[in-house]
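Working notes, beginning with the structure itself.
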Amino acid sequence: MKFEDLTTLRPDLAFIAHWVSDGAHVLDVGCGDGAMLRYLEKGKRCTGYGIEIADDKVLESTRRGINVIQHDMEAGLGLFGDNSFDTVLCLSSLQMMQHVEALLRDIVRVGTEAIVSFPNFAYWPHRVALLKGRMPVSRSLPYQWYDTPNVRCATIYDFKELAEECGLEVLDYVALAEGKPVSFLPNLRGSLAVFRLRKKAKRG
């Protein structure tokens, strides 16, 4: 997939891609249709694998030429050794996991760095929906309460606290709206939170 296609169809992925170094070895956890990894391979000379459980998404990734492993992320990333990848991506998937903390620790175990994104539950339209007594539905949360795959809801501040508790260093983070960074009141005005993380260096 060409860069301009990714920019037009998924501006959030296009932004996140600039945090991945050229030629990096990448693991995309919950790779979906493989569009991101395909772009990184063709546009930034990256190598790597995708992990996905859904049959239809595995098929789409395979058709894109992605090396995809069908695997349940809830079972962990024991398939891979420590620091097997330069970058591990977990994009809009972490909120679908039952055991978020365990998966987050595993992600930074197998990668030198990790990039994690999730819908920001503190986004202002979500707050307005709750004030009206309804569960939020938006582009970043496109499901009704009864059919959503999301089992966790978090804000930017929530995730920063979790990263600290897990002993992770937040290298950078941003809130995106329509794929563009939001600098003013990001926790209110950003629909998607994106964090760049790594393990804290041991002292001494």
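Start counting the sequence shown at 14; every next residue gets the next number (our numbering).
Note that beta-carbon positions come from the ideal geometry of N, C-alpha and C, so glycine has one too.
- request: Starting from the Cα of Gly-61, find the closest Cα among Pro-138, Gly-180, Cys-44 and Arg-165 and give me that residue.
  value: Measuring from the Cα of Gly-61, the nearest candidate turns out to be Cys-44.
message: Going by DSSP in three states, Val-150 sits in which element: helix, strand or coil?
response: Under the three-state reduction of DSSP output, Val-150 falls in the coil class, being neither helix nor strand.
Ser-106, buried or exposed, once every other Cβ within 10 Å from all chains shown has been counted against 16: Buried, because 16 or more other Cβ atoms sit within 10 Å of the Cβ of Ser-106.
field: Local conformation of Leu-143 per DSSP, three classes
entry: Of the three classes helix, strand and coil, the one that applies to Leu-143 here is helix, per DSSP.
- request: Specify the secondary structure class of Thr-161 as computed by DSSP and reduced to three states.
  value: Residue state, collapsed to three classes: coil.
- prompt: In the region 44–109, which residue ranges form an unbroken beta strand (DSSP E) of at least 3 residues, counting only runs that do not cross its ends?
  reply: Taken in chain order, the complete beta strand (DSSP E) segments of 3 or more residues contained in the region 44–109 are 60–65, 81–83 and 98–104.
query: If you draw a straight line from the alpha carbon of Trp-137 to that of Ser-151, how long is it in whole angstroms?
result: The alpha-carbon atoms of Trp-137 and Ser-151 are separated by roughly 11 Å.
task: Can you tell me which of Leu-184, Ala-27, Gly-36 and Val-71 puts its alpha carbon nearest to the alpha carbon of Val-42?
output: Minimum Cα-Cα distance from Val-42 among the listed residues Leu-184, Ala-27, Gly-36 and Val-71 corresponds to Val-71.
message: Using only the alpha-carbon positions, how far apart do Leu-210 and Ala-142 sit?
response: Here the alpha carbons of Ala-142 and Leu-210 stand approximately 31 Å from one another.
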